[in-house]
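Trainee: Numbering (full-length UniProt numbering), first residue to last: 1 to 100. If you scroll down you'll find the structure; I have some questions about it.
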Ligand SMILES: [Zn+2]
């Protein structure tokens, strides 16, 4: 129950797709060009989500495809995603209005 305030540079995770962002190379960018530590470059670029209309279900399907490509079984991938994606900021926040 202490996830919110712990700073963990080494364990940054995209708050949209759940992808680990090691070292900062995969960080998305804000409109002013600065990096964001919240989302990866595949989800968020220049201050906007790349798929602003995607749903949690859609993101689950998208990520499942990547994980299966990496050798994970689809059922296992979906279980992992079902456990993690709903907890991420993009899907967890009721006040999320970015990109609407
Ligand atoms: Zn992402």
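For glycine and all other residues, C-beta sits at the position ideal for the given N, C-alpha and C.
Quick one, which of 12, 87 and 59 has its alpha-carbon nearest residue 21's?
Mentor: Against the chain shown, residue 21 aligns to sequence position 21. The candidate whose alpha carbon is nearest that of residue 21 is 12.
Trainee: Just to confirm the assignment: which complete alpha helix (DSSP H) runs, minimum length 4, are found wholly within the UniProt domain "Putative zinc ribbon" (13-92)?
Mentor: Counting only runs of 4 or more, we get 56-69, 74-84 and 89-92.
Trainee: Report the rounded CA-to-CA distance for residue 65 versus residue 56, giving the unit in angstroms.
Mentor: For this step, residue 65 is matched to residue 65 along the chain shown. For this step, residue 56 is matched to residue 56 along the chain shown. For residue 65 and residue 56, the distance between alpha carbons rounds to 14 Å.
Trainee: Label residue 18 either buried or exposed according to how many other C-beta atoms from any shown protein chain fall within 10 Å of its C-beta, with 16 as the threshold for buried.
Mentor: If you number the chain shown from 1, residue 18 lands on position 18. Burial call: buried.
Trainee: Checking 8 Å against the spacing of the C-beta atoms, do residue 27 and residue 36 come in under that value?
Mentor: Here the question's residue 27 lines up with position 27 in the chain shown. Here the question's residue 36 lines up with position 36 in the chain shown. Yes, they are a contact pair.
Trainee: Is residue 39 near ligand 1, in the sense that its beta carbon is under 7 Å from a heavy atom of that ligand?
Mentor: Taking the first residue of the chain shown as 1, we reach residue 39 at position 39. Yes, Cβ of residue 39 sits closer than 7 Å to a heavy atom of ligand 1.
Trainee: Counting C-beta neighbours from all protein chains within 10 Å, is the total for residue 75 16 or more, i.e. buried, or is it exposed?
Mentor: Within the chain shown, numbered from 1, the residue matching residue 75 stands at position 75. Classification for residue 75: exposed.
Trainee: Looking only at its chain, what residues have a beta carbon closer than 7 Å to the beta carbon of residue 46, apart from the 5 residues adjacent to it on each side?
Mentor: Locating residue 46 in the chain shown gives position 46, where the first residue counts as 1. Around residue 46: 29 and 31.
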